[in-house]
Amino acid sequence: HVNSPFKTDFRQDIELQLRDSPRVTKAEVISAADNYQHKAENARLFRKAGEASGNRRYDQAISLLRQIVESDPADFPAWQELGTAYFIQKNFDEAEKAYVWALAGNADYAVALISLGRLRIARKNFNGAIEVLTQAVKVQPTSPQANYFLGEAYLQNKLGSKAVNYLNEAIRLDPLGMADAHLR
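Start counting the sequence shown at 2; every next residue gets the next number (the numbering used here).
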């Protein structure tokens with residue numbers, strides 16, 4: 002209910018989207034090319050792994066995701082999730098291997114590109130981060146995360162003049178979610 006003498010001054014636009022996963026908290030645009038048709042058993046394991054990750058049972062999630070990629074090495078979303086579980090556990094070597102496998106299955110998979118870039122920033126491999134995050138911005142120029150992390154990689158590599166454009170773009174794309182870009 003809007004309580005105002007000027008009720009016609011208010012406008013609220015809403016966007017509704019169907020989401021498969023309860024873990025998704027923010028609407029995102031994904032490419033149809035990022036969709037992977039899991040085998041029936043792997044789809045069940047993938048859901049279980051998602052639940053395990055959601056409940057912070059990463060060892061269980063890793064075990065389930067390993068089963069998937071062993072039976073279907075081309076399953077790039079499973080490799081991505083496996084990398085994320087390893088990243089959370091700070092097992093950076095295994096995380097990087099998993100992200101590289103995800104990209105082997107789909108070289109333009111923006112989620113894996115961004116994740117690998119974040120991992121390389123965490124490992125202080127800024128040139129490597131710039132390489133994959135540049136590709137992520139090419140693949141998905143409207144991704145605030147890709148722009149933010151590319152700006153951060155440039156900043157950490159002492160290339161602030163290159164960082165500014167990407168940080169500003171991240172702010173423009175998601176002013177609230179990328180508030181840290183203001184500080185950077």
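Even glycine gets a Cβ: it sits at the ideal position worked out from N, Cα and C.
Since this is a predicted model, take the numbers as computed values, not measurements.
- Task: Measure the C-alpha to C-alpha separation of alanine 171 and glutamine 146 and round it to an integer number of angstroms.
- Result: Straight-line spacing of the CA atoms in alanine 171 and glutamine 146 works out to 7 angstroms.
- Query: Which value, in whole angstroms, describes the spacing of the CA atoms of lysine 27 and leucine 104?
  - Reply: Note that lysine 27 has pLDDT 48, beneath the 50 cutoff, so the model's placement of it is unreliable and the number below is only indicative. Cα to Cα, lysine 27 sits roughly 24 angstroms from leucine 104.
- Query: For serine 64, which of helix, strand or coil comes out of DSSP?
  - Reply: It is helical.
- Item | Per-residue DSSP class, three states only, for valine 25 | Since pLDDT at valine 25 reaches only 44, below the 50 mark, its modelled position is unreliable, and the value read off the structure follows with that caveat. Here valine 25 sits in coil by DSSP.
- Query: DSSP three-state call for serine 144: helix, strand or coil?
  - Reply: Three-state result, serine 144: coil.
- Given that a residue counts as buried once 16 or more other Cβ atoms are within 10 Å of its Cβ, and exposed if not, what is serine 54? Flag for serine 54 reads buried.
- Query: What is the DSSP secondary structure of alanine 75, counted as helix, strand or coil?
  - Reply: In this structure, alanine 75 counts as coil in the three-state DSSP scheme.
- Message: Given this structure, state the Cα-to-Cα distance separating isoleucine 131 from glutamine 90, to the nearest angstrom.
- Response: Looking at the two C-alpha atoms, the distance is approximately 24 angstroms.
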